[in-house]
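Participant:
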Amino acid sequence: MSSSVDQIKEKLDIADIVASYIKLEKAGGNFKGKCPFHNEKTPSFFISPDRGTYYCFGCGAKGDIFTFVQEFEGLDFRGALKNLALRAGVELGHENVAERSEKDRLYSVLAQATFFFQKKLSENADAKNYLLGRGLTEESIKEWSIGYAPNAWQELHDFLLGKGFTKPELERVGLIKKSDKRPGEYYDVFRGRIVFPIFDVAGKVIAFSGRILVDDGKSPKYLNTSETILFNKSQTLYGLHKAKVDIRRKDYCVLVEGQMDLVMVHQAGFGNTIASSGTAFTAEHLGKLGRLSNRIVLAFDADGAGFTAANKSAQLALSLGMEVKIALLPKGTDPAELIKNDPDKWKSALQNTMHIIDFYMQSLLAQNSDAVKKDPRKLGKEIQSKVLPYVNQLPSSIERAHFVSKIAERAGIKEEAVWEDLKKTPAFTQNVHSTNVAGGVVNEALRTRQADPSFRKNSIEKKILGIKMWQESVSSPHIKSTELLQKLKDIVGEESVSKLLAELESTQSELIFEIESYYDNSDTLTAEIDELFMNLQEERLKEEFTRVMTELGIAEKSKDAEKVKELLEVCQELSKKITALPKKQ
C-alpha cells in the first residue's frame, strides 16, 4: 500500500490535482486560490508543489493530495487511493470477486442493475418515447444512465443471480423484497418504472428512484430505494457528483425538487444544480453544499407543495448562514416543463432571482389589501408573523440590520418599531448543532468561531505581522517592515499589536516559514498587503457592530429608551460604513 502511495505522489503534481477542482493562480513558486473548505472572497488557500502540500490561512485546512481528495470528494482513504491511482496510472492489484469487501460486492450489484435497466430501456419504445417526450435528449439519457424496469416480477432478480450475486445481497441494496404471499420467494422492487440511478459524490451508483410509466391507480407515482448500508437519503444529493465543480466555479448552487427537473436543468447548461433524493433538504445536505458555496437558489415547483418545500429549505439554510435566493417560476410550472416549453423564461428566472426575505416581504405586500397597508398596526403584525422569523434566522447581526432597514422602508414603518418586533419574534427551531459534512462533522462552535469578526480580525493581524517578520529576515526586503507595523498600530492600536507580538514570539520561526512559503517577494506582495488591511478594516467595523448590538440588547432589556435610540443610530452609521467599503473581487 505504502509503495502505491509513493508512486502516486511521484507521478501526480498536487497543483494539477487541486486545479482540476478549483481555480488557481501563480504565487511565486507556489499557487493560491479560494479555499474549497470554507467560504471566502479573498484567496488564502496555498499549494506548494515542492512540498506536495496545501495550507489555508483562513481555516487552517492542510494536507497532501490524499487528504485533499478525501475532503473534497467525501471519500475514505481507500476511495481517495483508488481515485488517484486511476489518474496516475498506478496499478493497485486485481481483486478476486469472491474476495471483495461486502461494500465492493454491493456496489457491483448496483452497477449490474444499472446496466440491466439501461438495456431494458433500449428495448422498450414506450419508455424511451416518454423520456424523449419530456424533453430529454439521447445524450442526457445516456449521461445520467437512465433506464427502465420491466413490469415483471423477477426479471432483475434472475438477471443478477445469473451474474453470481446472492439474494441477501440484492435485498441489502433494496432491489428485491420477500413475498408475503409466497414464503421463500422474492420479487423485484422496481417494476414498470423509469429508473434514475442515484450516485454518491464519487459517481458510484448507490440507489435508484423509479417513476411509474403507466399509472394503474394503485402504485405510488415515485418509488425510491429504502435506506441501505450504501444509501442515506438525508446525506445524498442527486447530481452532486457532476455539479460540484460547477458549484465552486460559479459560487452558487441551484436546488430543484426531482430527478427529471435536475437532468433537464443540466441539459440546459446549468451544471451547478442538484436535487434531494426522496426527502426534504436536510442540515446534512446543506452542510455538504456549504463546503462548495454559501449561496443557494431555490427553483422549486410553482405550486403549494413547492412553496412549502422552499419555506422549509430556506429556514434551515438561513440558520446555517447561507445566502438564500428564489427563482420565480410561472405559476403551475416546474423547471423541466419550463425548460422544454420556454428555455428563455428559465434563464430569465435564474438571472432575476430574489433574496428569500425580499420575496416574502414582496408577497406580503402584494397579497394584502390597501386597507391593511394603510393600517401600520395590522401590517406590522403580518410582517412580524410572516417575515421577521426569517430575519431572526440570520446568524449575522449585520444582515439582520440590513433587512430591518429594508423592511421598514418598504412598509413605511419606523426602523425602531421593526427592531422592537424582531426582539419579540422567535426564530424557527432547527436542530443544526452538528452537521455531517463530506464524511466529517462541522461543530457549531467552530462554525460560530469562524463567523466571529474578532476571530477573523485576529487571523489577519497575525498574517500581517508574519509578513513583517519575514521581511525583516531577508537580505533584500520588498517592503519596509517599520511602515507595515505602524500602519497596523494605527488601525488596531499599539497595545493590541504589542500583545500579539508577544504571543507570536514562541512560534515566530514557524510563522515566517509559512509566510515565506506562500507569499512571493515581488510587486504582487504590496497589493496583497493592501487587501489584507482592507479586510482588517472591514472586520473591525463588523466587530464594533456586534459589540454595539450587544449593548443595544442590554439597553432594551433595561427599557432605556434614550440609550436604545442612541445605539440604533450608531448601528445605522456602522452599517453604512461597511456597505461603503470597496467590494472584493
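Numbering (the numbering used here), first residue to last: 1044 to 1628.
All C-beta atoms, glycine included, are put in the ideal place defined by N, C-alpha and C.
Going by DSSP, what residue range makes up the beta strand (DSSP E) through Thr-1316?
Facilitator: Within the sequence shown, the letter at position 273 stands for residue 1316. Where Thr-1316 is concerned, the enclosing beta strand (DSSP E) stretches over 1316–1319.
Participant: Does Val-1299 pass the burial test, meaning 16 or more other C-beta atoms within 10 Å, or should it be called exposed?
Facilitator: Position 256 of the sequence shown, counting from 1, holds the residue named residue 1299. Buried, by the Cβ-count rule.
Participant: Just to check my reading of the structure: Leu-1280 and Ala-1326 have Cβ atoms closer than 8 Å, yes? What is that Cβ distance to the nearest angstrom?
Facilitator: What you label residue 1280 is simply residue 237 of the sequence shown in a count that begins at 1. What you label residue 1326 is simply residue 283 of the sequence shown in a count that begins at 1. Contact between Leu-1280 and Ala-1326 does not hold, since their C-beta atoms are separated by about 13 Å, which reaches or exceeds 8 Å.
Participant: List the endpoints of the continuous alpha helix (DSSP H) containing Pro-1240.
Facilitator: Locating residue 1240 in the sequence shown gives position 197, where the first residue counts as 1. No alpha helix (DSSP H) holds Pro-1240; the beta strand (DSSP E) holding it covers 1236–1242.
Participant: Rounded to whole angstroms, what is the Cα-Cα separation between Met-1404 and Leu-1422?
Facilitator: What you label residue 1404 is simply residue 361 of the sequence shown in a count that begins at 1. What you label residue 1422 is simply residue 379 of the sequence shown in a count that begins at 1. About 11 Å.
Participant: Would Phe-1089 and Asn-1073 qualify as a contact pair, given that the criterion is a beta-carbon distance under 8 Å?
Facilitator: For the purposes of this step, residue 1089 is taken as the residue at position 46 of the sequence shown. For the purposes of this step, residue 1073 is taken as the residue at position 30 of the sequence shown. Yes, they are a contact pair.
Participant: Whole-angstrom Cβ separation of Ala-1318 and Pro-1386, contact assumed at under 8 Å?
Facilitator: Working through the sequence shown from its first residue, we reach residue 1318 at position 275. Working through the sequence shown from its first residue, we reach residue 1386 at position 343. About 19 Å separates the two Cβ atoms, so there is no contact after all.
Participant: In the DSSP assignment, the beta strand (DSSP E) including Arg-1338 goes from what residue to what residue?
Facilitator: Within the sequence shown, numbered from 1, the residue matching residue 1338 stands at position 295. Note, Arg-1338: beta strand (DSSP E), 1338–1341.
Participant: Could you spell out where the alpha helix (DSSP H) holding Gly-1176 opens and where it closes?
Facilitator: For the purposes of this step, residue 1176 is taken as residue 133 along the sequence shown, with counting starting at 1. Element bounds for Gly-1176: 1168–1176.
Participant: Straight-line CA distance for Lys-1532 to Ser-1440?
Facilitator: Residue mapping note: residue 1532 aligns to position 489 of the sequence shown, counting from 1. Residue mapping note: residue 1440 aligns to position 397 of the sequence shown, counting from 1. Cα to Cα, Lys-1532 sits roughly 27 Å from Ser-1440.
Participant: Return the chain-ordered ranges of every alpha helix (DSSP H) run that is complete within the segment 1400–1478 and spans a minimum of 4 residues.
Facilitator: Assignment of alpha helix (DSSP H) within the segment 1400–1478, counting only whole runs of 4 or more residues, yields 1413–1417, 1419–1429, 1431–1435, 1440–1454 and 1458–1467 in chain order.
Participant: Which full runs of the alpha helix (DSSP H) of 4+ residues lie inside the segment 1536–1619, going along the chain?
Facilitator: 1537–1547, 1551–1561 and 1566–1600
Participant: DSSP on His-1398, reduced to helix/strand/coil?
Facilitator: Position 355 of the sequence shown, counted from the start, is the residue given in the question as residue 1398. Residue state, collapsed to three classes: strand.
Participant: Quick one: what's Ala-1643 bridged to in DSSP?
Facilitator: Examination of residue 1643 is not possible in this model, given that the chain is present from 1044 through 1628 alone.
Participant: Quick one: residues in its chain with C-beta nearer than 8 Å to the C-beta of Ile-1503, no 5 flanking neighbours on either side, listed in chain order?
Facilitator: Within the sequence shown, residue 1503 is the residue found at index 460, counting from 1. Closer than 8 Å at the Cβ level, and outside the excluded window around Ile-1503, lie Leu-1575, Asn-1578, Leu-1579 and Glu-1582.
Participant: Evaluate contact between the segment 1189–1197 and the segment 1232–1245, counting only Cβ atoms and requiring at least three cross-stretch pairs below 8 Å.
Facilitator: Touching, yes, given that three or more Cβ pairs across the two stretches are closer than 8 Å.
Participant: When you compare the CB of Leu-1266 with every CB in chain B, is at least one pair closer than 8 Å?
Facilitator: Absent from the structure: chain B. Only one protein chain is present.
Participant: Using 8 Å as the cut-off, can you tell me whether the segment 1210–1219 makes contact with the segment 1142–1160, which would need three or more C-beta pairs spanning the two stretches below that distance?
Facilitator: yes
Participant: Using the Cα positions of Gln-1197 and Ser-1222, report the straight-line distance between them to the nearest angstrom.
Facilitator: For the purposes of this step, residue 1197 is taken as residue 154 along the sequence shown, with counting starting at 1. For the purposes of this step, residue 1222 is taken as residue 179 along the sequence shown, with counting starting at 1. Roughly 11 Å between the two C-alpha positions.
Participant: Find the nearest neighbour of Leu-1431 within the set Gly-1375, Lys-1374 and Thr-1468, judged by alpha-carbon distance.
Facilitator: The residue labelled residue 1431 in the question sits at position 388 within the sequence shown. Minimum Cα-Cα distance from Leu-1431 among the listed residues Gly-1375, Lys-1374 and Thr-1468 corresponds to Thr-1468.
Participant: Are three or more beta carbon pairs between the segment 1293–1308 and the segment 1174–1185 nearer than 8 Å?
Facilitator: yes
Participant: Applying the 10 Å Cβ sphere with the 16-neighbour rule, what's the burial state of Ile-1597?
Facilitator: Here residue 1597 refers to the residue found at position 554 when the sequence shown is read from its first residue. Exposed, since its Cβ has fewer than 16 Cβ neighbours within 10 Å.
Participant: Are the beta-carbon atoms of Pro-1079 and Arg-1291 separated by less than 8 Å?
Facilitator: Taking the first residue of the sequence shown as position 1, residue 1079 is located at position 36. Taking the first residue of the sequence shown as position 1, residue 1291 is located at position 248. The answer is yes: Cβ separation under 8 Å.
Participant: Report back the beta-carbon spacing between Val-1133 and Ile-1051 to the nearest angstrom; my notes put them in contact at under 8 Å.
Facilitator: Here the question's residue 1133 lines up with position 90 in the sequence shown. Here the question's residue 1051 lines up with position 8 in the sequence shown. With 8 Å as the limit, Val-1133 and Ile-1051 qualify as a contact, their Cβ atoms being about 5 Å apart.
Participant: Looking at the secondary structure, which residues open and close the alpha helix (DSSP H) in which Ile-1057 lies?
Facilitator: Counting from one through the sequence shown, the residue named residue 1057 turns up at place 14. Run containing Ile-1057: 1057–1062, per the alpha helix (DSSP H) assignment.
Participant: Any heavy atom of the ligand HEM inside 7 Å of the beta-carbon of Lys-1600?
Facilitator: Judged by which ligands are present, the structure shown has none, so any question about the ligand HEM falls away.
Participant: For Tyr-1295, which of helix, strand or coil comes out of DSSP?
Facilitator: Here residue 1295 refers to the residue found at position 252 of the sequence shown. Tyr-1295 falls in the coil class under three-state DSSP.
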